Amino acid sequence: MKVNLMNKLLFHNIPLGATGERIPQAAIASARTSREMVKPEESDAAYFRRLEEGGILLNQPQIAAVRHHQGPLLTLAGAGSGKTSVLICRTGYLLSVRGISPSRLLLLTFSSKAAAEMRERIALLPGVEESDAARLQARTFHSFFLYFLRRQGLRQDIFHETRRQHILLKQIMRELGLPKDAYPPETLLALLSSCKMNMGEAENLPESTTAEQEMKAILVLYEQWKTDNFKIDFDDVLLIAYKMLREQPALLHELQQKFQYVMVDEFQDTNALQYELVKMIAHPQHNLMVVGDDDQTIYSFNGARSEFILEFEKLYPGAKVITLDINYRSGPAIVGLGNGIIRHNLRRRSKTLQAAKNSGSQPRYLRPQTADEEAEQIVEHIVSQVDSGNREYRDFALLYRASSSNRAVLELLLLRDIPYVDYGEGQLLYEHWLISPVLDHLRLSLNRRNFAAMENILPTLYMSREKGMDHIRRMEAVQPKQGPLIHLLSLPGMEDFKGAKLRDRLELIRGLSALTPVQAIRQIRTNFYDYFIEANERHQATLHRETLKEMLDELESSAERFDSIPVFLEFIANITERNEQSRQPGLKEQGNRIALMTIHKSKGLEFPVVFLIGASEGILPHSSALEGERLKDRKTTKPPAAGTFKTGSESGIAALEEERRLAYVAVTRAREELFISSPARHRGKKAEVSRFMLSAFRAAAAPSRPAPASVAVSRTGVTRSYSSGSGANVRMHTVPVWNCTGTSCPGWTRMKAGGAEDHLASKPCPLCSSPMAKSTREVPV
1 MKVNLMNKLL FHNIPLGATG ERIPQAAIAS ARTSREMVKP EESDAAYFRR
51 LEEGGILLNQ PQIAAVRHHQ GPLLTLAGAG SGKTSVLICR TGYLLSVRGI
101 SPSRLLLLTF SSKAAAEMRE RIALLPGVEE SDAARLQART FHSFFLYFLR
151 RQGLRQDIFH ETRRQHILLK QIMRELGLPK DAYPPETLLA LLSSCKMNMG
201 EAENLPESTT AEQEMKAILV LYEQWKTDNF KIDFDDVLLI AYKMLREQPA
251 LLHELQQKFQ YVMVDEFQDT NALQYELVKM IAHPQHNLMV VGDDDQTIYS
301 FNGARSEFIL EFEKLYPGAK VITLDINYRS GPAIVGLGNG IIRHNLRRRS
351 KTLQAAKNSG SQPRYLRPQT ADEEAEQIVE HIVSQVDSGN REYRDFALLY
401 RASSSNRAVL ELLLLRDIPY VDYGEGQLLY EHWLISPVLD HLRLSLNRRN
451 FAAMENILPT LYMSREKGMD HIRRMEAVQP KQGPLIHLLS LPGMEDFKGA
501 KLRDRLELIR GLSALTPVQA IRQIRTNFYD YFIEANERHQ ATLHRETLKE
551 MLDELESSAE RFDSIPVFLE FIANITERNE QSRQPGLKEQ GNRIALMTIH
601 KSKGLEFPVV FLIGASEGIL PHSSALEGER LKDRKTTKPP AAGTFKTGSE
651 SGIAALEEER RLAYVAVTRA REELFISSPA RHRGKKAEVS RFMLSAFRAA
701 AAPSRPAPAS VAVSRTGVTR SYSSGSGANV RMHTVPVWNC TGTSCPGWTR
751 MKAGGAEDHL ASKPCPLCSS PMAKSTREVP V
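In the UniProt record's numbering, the protein residues as written are 1 to 781.
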């Protein structure tokens with residue numbers, strides 16, 4: 001009874017603020033399969049009959065893709081549409097029906113797991129001999145090109161252990177006289193990888209700012225160390241192969257003759273270097289089949305480019321395009337919500353998914369006040385479902401836009417000893433390099449002889465950790481002080497302004513202990529820390545400004561729950577210890593545990609129950625995509641012409657569209673149940689429900705309106721009653737609104753009550769940034 005009451009109170013059938021009550025529903029797809037569509041008299045009927053005996057029943061577009069023989073083919077594979085089955089069955093078709101030798105086929109994908117699954121499933125296909133499967137090249141990009149290079153005599157070892165890479169980069173930073181944590185190693189490696197994926201090298205990196213110069217110097221030395229030690233990494237594998245094939249036409253010709261049929265999975269994830277390699281090998285026959293979904297292009301930061309799909313026919317005129325538009329994963333309500341979300345993107349291939357099954361529950365929506373309340377509601381629901389025997393922990397996945405959004409739920413799972421697996425870095429907010437100096441100021445306010453905390457705050461005083469701590473320890477040996485930081489005043493070469501800053505800081509630290517944790521954190525931020533991180537070019541080069549602020553705001557949200565600094569720090573120590581104990585190195589399988597991951601990590605996966613948390617403005621879409629300066633360069637009110645698509649980093653509209661794709665990927669991970677939570681407060685301010693959820697309901701509104709049954713005048717304007725399709729009357733009234741003037745943009749918002757916007761002639765549309773004009777609109781009462 002308690003659980004039912006809780007569900008009624010917390011979960012809604014539509015997101016609060018949705019303008020229409022109509023819930024998006026996908027059409028139910030035809031149940032016809034190859035059994036009905038491939039006639040017995042057709043020459044390839046025997047192949048499809050054998051597939052059917054093995055339980056593989058293909059729909060009409062799947063059959064068309066499997067039968068495709070020669071020439072370029074773009075297969076647009078919507079979420080859950082069975083793309084892997086199509087790739088595998090087409091491989092079998094080429095082998096057993098077309099008689100193509102397995103050594104002539106090349107299948108490329110992005111993960112070792114996907115490649116292994118392909119090989120296993122191909123070996124089980126009817127008419128495919130075990131020896132045929134063994135001769136087939138179904139590999140990841142890196143595996144295939146490493147195999148190719150080894151055959152050309154390349155002998156360098158692969159330097160791929162992340163821990164060793166990080167240690168080496170920190171060592172190089174020290175050699176250059178930089179703090180060992182000047183730049184996060186993962187950021188440096190990502191920068192180098194991005195450069196190589198665009199056919200560049202460390203020497204090509206920009207150096208227009210001090211931070212860029214420092215990062216380039218680090219990476220040039222890193223590359224030199226690899227050369228001196230006979231090492232290459234996985235990015236080098238692709239770059240070396242690319243250069244070798246360009247410089248040795250005979251070698252390229254040999255590859256082209258060998259692999260006459262090329263197939264690429266997850267094509268939307270390809271970067272420029274991978275695409276160039278694919279094009280080179282597929283030339284001149286162009287027997288290239290690519291399978292992907294532009295609506296799931298969410299890795300632009302890794303070089304993935306949706307225009308490779310959007311402009312495929314431009315490169316390959318006459319290419320065949322087949323759309324796999326039947327979703328076998330989810331019910332019509334979840335598929336319909338996905339359709340309603342993604343249809344508002346302008347830069348996409350038009351497609352509307354149908355649902356194969358006519359079952360599954362409606363998505364449900366939560367509107368908690370805060371992230372901590374959100375965590376309590378979600379964990380309570382999961383525990384009640386497990387305790388009642390309805391679900392296991394393994395059934396649940398919690399997805400979020402940014403890793404800082406899992407703070408509240410992660411803490412609650414740790415405190416309640418609920419099994420979970422974190423597919424991120426496994427690092428708590430409090431352990432992050434940005435947050436730890438703030439907490440160390442709080443620790444020093446309680447114990448001014450905390451030497452570890454002292455060392456960690458020295459960079460915020462623009463002092464070297466090593467030099468500063470060496471001096472403090474030497475002076476302590478002569479004359480110990482209650483607050484050893486005071487020794488820094490006698491540091492040789494200490495400038496007057498630094499001495500004044502140090503005195504101010506010592507005074508600040510002494511005064512913190514009388515404050516609540518959130519007051520103390522705000523004092524630290526206001527006095528120096530916000531300025532320190534914004535003025536620090538290194539920080540700006542490694543994390544987006546909005547992300548830096550967001551993490552500090554999240555720290556404040558956590559601190560608001562505590563009345564005293566000792567209790568807050570004790571809580572952090574407890575949570576950190578529990579997190580250390582819960583870490584199981586190397587254990588990647590979920591087991592019977594709740595899965596926690598970013599939306600980026602979830603792509604390609606599916607779960608019985610998905611909770612999308614943080615579906616509020618400023619979180620999803622992320623604040624970094626909503627910044628005014630990134631919307632300003634969107635001057636035109638028309639959609640871009642073909643061939644002018646930009647990447648996510650080039651304009652505000654592209655950034656918003658990638659955020660919408662993230663929302664689409666998140667909701668389409670759910671097989672049976674989907675919960676979407678939109679906290680009402682974020683970063684200490686009111687947060688509206690994500691526009692992506694609300695726009696899905698606007699999209700589902702009835703396209704045509706029946707004739708009015710009656711008209712009445714109200715004090716707010718004209719109120720009408722309309723007859724709905726079910727015979728019930730829906731009362732409508734006219735309200736003042738802002739309407740977007742942009743072509744194809746459905747954006748509109750109500751004018752704020754009280755005339756606060758009366759003086760405005762126009763305002764930017766939150767969806768596309770085109771001007772909005774004053775108008776009126778009829779909406780349900």
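Where is the CB? At the ideal position from N, CA and C, for every residue including glycine.
All of these numbers come straight from a predicted model, not from anything done at the bench.
Quick one, are the C-beta atoms of residue i and residue j less than 8 Å apart?
{"i": "Arg391", "j": "Val609", "result": "yes"}
{"i": "Phe308", "j": "Ile281", "result": "no"}
{"i": "Pro517", "j": "Ala453", "result": "no"}
{"i": "Ile122", "j": "Gly82", "result": "no"}
{"i": "Arg367", "j": "Ser678", "result": "yes"}
{"i": "Ile521", "j": "Leu548", "result": "no"}
{"i": "Met197", "j": "Asn287", "result": "no"}
{"i": "Ile599", "j": "Ala355", "result": "no"}
{"i": "Val291", "j": "Thr75", "result": "yes"}
{"i": "Leu273", "j": "Leu219", "result": "no"}
{"i": "Leu154", "j": "Tyr222", "result": "no"}
Identify whether residue i lies in helix, strand or coil by the three-state DSSP scheme.
{"i": "Phe675", "result": "strand"}
{"i": "Lys226", "result": "helix"}
{"i": "Phe11", "result": "coil"}
{"i": "Gly292", "result": "strand"}
{"i": "Phe692", "result": "helix"}
{"i": "Gln581", "result": "helix"}
{"i": "Arg777", "result": "strand"}
{"i": "Ile322", "result": "strand"}
{"i": "Gly177", "result": "coil"}
{"i": "Val97", "result": "coil"}
{"i": "Gly618", "result": "strand"}
{"i": "His682", "result": "strand"}
{"i": "Phe259", "result": "coil"}
{"i": "Asn390", "result": "coil"}
{"i": "Asp236", "result": "helix"}
{"i": "Leu16", "result": "coil"}
{"i": "Met199", "result": "coil"}
{"i": "Leu51", "result": "helix"}
{"i": "Asp496", "result": "helix"}
So which of the options has the shortest CA-CA distance to residue i?
{"i": "Arg473", "options": "Met494, Asn450, Gly493, Pro459", "result": "Asn450"}
{"i": "Ala182", "options": "His166, Lys196, Ser194, Ser193", "result": "His166"}
{"i": "Ile509", "options": "Lys498, Arg443, Lys467, Phe562", "result": "Arg443"}
{"i": "Glu266", "options": "Asp293, Ala241, His283, Arg246", "result": "Asp293"}
{"i": "Leu569", "options": "Leu149, Ile435, Pro492", "result": "Ile435"}
{"i": "Ile565", "options": "Leu515, Glu534, Gly614, Met215", "result": "Leu515"}
{"i": "residue 794", "options": "Arg505, Gly55, Leu149", "result": "Residue 794 lies beyond the residue range present for the chain, which begins at 1 and ends at 781; the question has no answer from this structure."}
{"i": "Leu310", "options": "Glu276, Asp325, Gln268", "result": "Gln268"}
{"i": "Phe159", "options": "Gly153, Thr187, Ile232, Glu212", "result": "Ile232"}
{"i": "Ala202", "options": "Glu673, Arg50, Asn574, Ser193", "result": "Ser193"}
{"i": "Val383", "options": "Ala371, Asp372, Phe396, Leu178", "result": "Phe396"}
{"i": "Gly360", "options": "Arg698, Phe611, Glu672", "result": "Glu672"}
{"i": "Met177", "options": "Gly71, Lys467, Arg90", "result": "In the sequence on display, residue 177 carries Gly and not Met. Among Gly71, Lys467, Arg90, the Cα nearest to that of Gly177 is on Lys467."}
{"i": "His441", "options": "Glu425, Leu428, Thr460", "result": "Thr460"}
For residue i, I'd like the list of residues in its chain whose CB is within less than 6 Å of its CB, leaving aside the five on either flank, ordered along the chain.
{"i": "Ile341", "result": "Ala663, Tyr664, Phe692, Ala696"}
{"i": "Tyr365", "result": "His12, Pro15, Ile676"}
{"i": "Glu53", "result": "none"}
{"i": "Met551", "result": "Ser404, Leu434"}
{"i": "Val660", "result": "Before going further, note that residue 660 is Arg rather than Val in the sequence given. Here the set comprises Asn345, Phe692."}
{"i": "Arg139", "result": "Ala115"}
Spatial neighbours of residue i within its chain, please: CB distance less than 7 Å, with the 5 preceding and 5 following residues excluded, ordered by chain position.
{"i": "Tyr423", "result": "Ala595, Leu596, Met597, Lys601"}
{"i": "Trp748", "result": "Val737, Trp738, Asn739, Cys740, Arg777"}
Within the same chain, show all residues whose beta-carbon is closer than 8 Å to that of residue i, passing over the 5 residues directly before and after it, in chain order.
{"i": "His487", "result": "His471, Ile472, Met475, Glu476, Lys481"}
{"i": "Asn358", "result": "Ile28, Gly331, Pro332"}
Examine chain D for any beta-carbon lying closer than 8 Å to the beta-carbon of residue i, and answer yes or no.
{"i": "Pro24", "result": "The structure shown contains no chain D; it is built from a single protein chain."}
Quiz item: Any chance the stretch 373-381 sits against the stretch 682-698, with 3 or more Cβ pairs inside 8 Å?
Solution: no
Quiz item: So, do the stretch 55-63 and the stretch 241-258 have three or more beta carbon pairs nearer to each other than 8 Å?
Solution: no
Exercise. Mind the definition here: the stretch 342-354 touches the stretch 99-117 only if three or more C-beta pairs lie below 8 Å; say whether that holds.
Key: no
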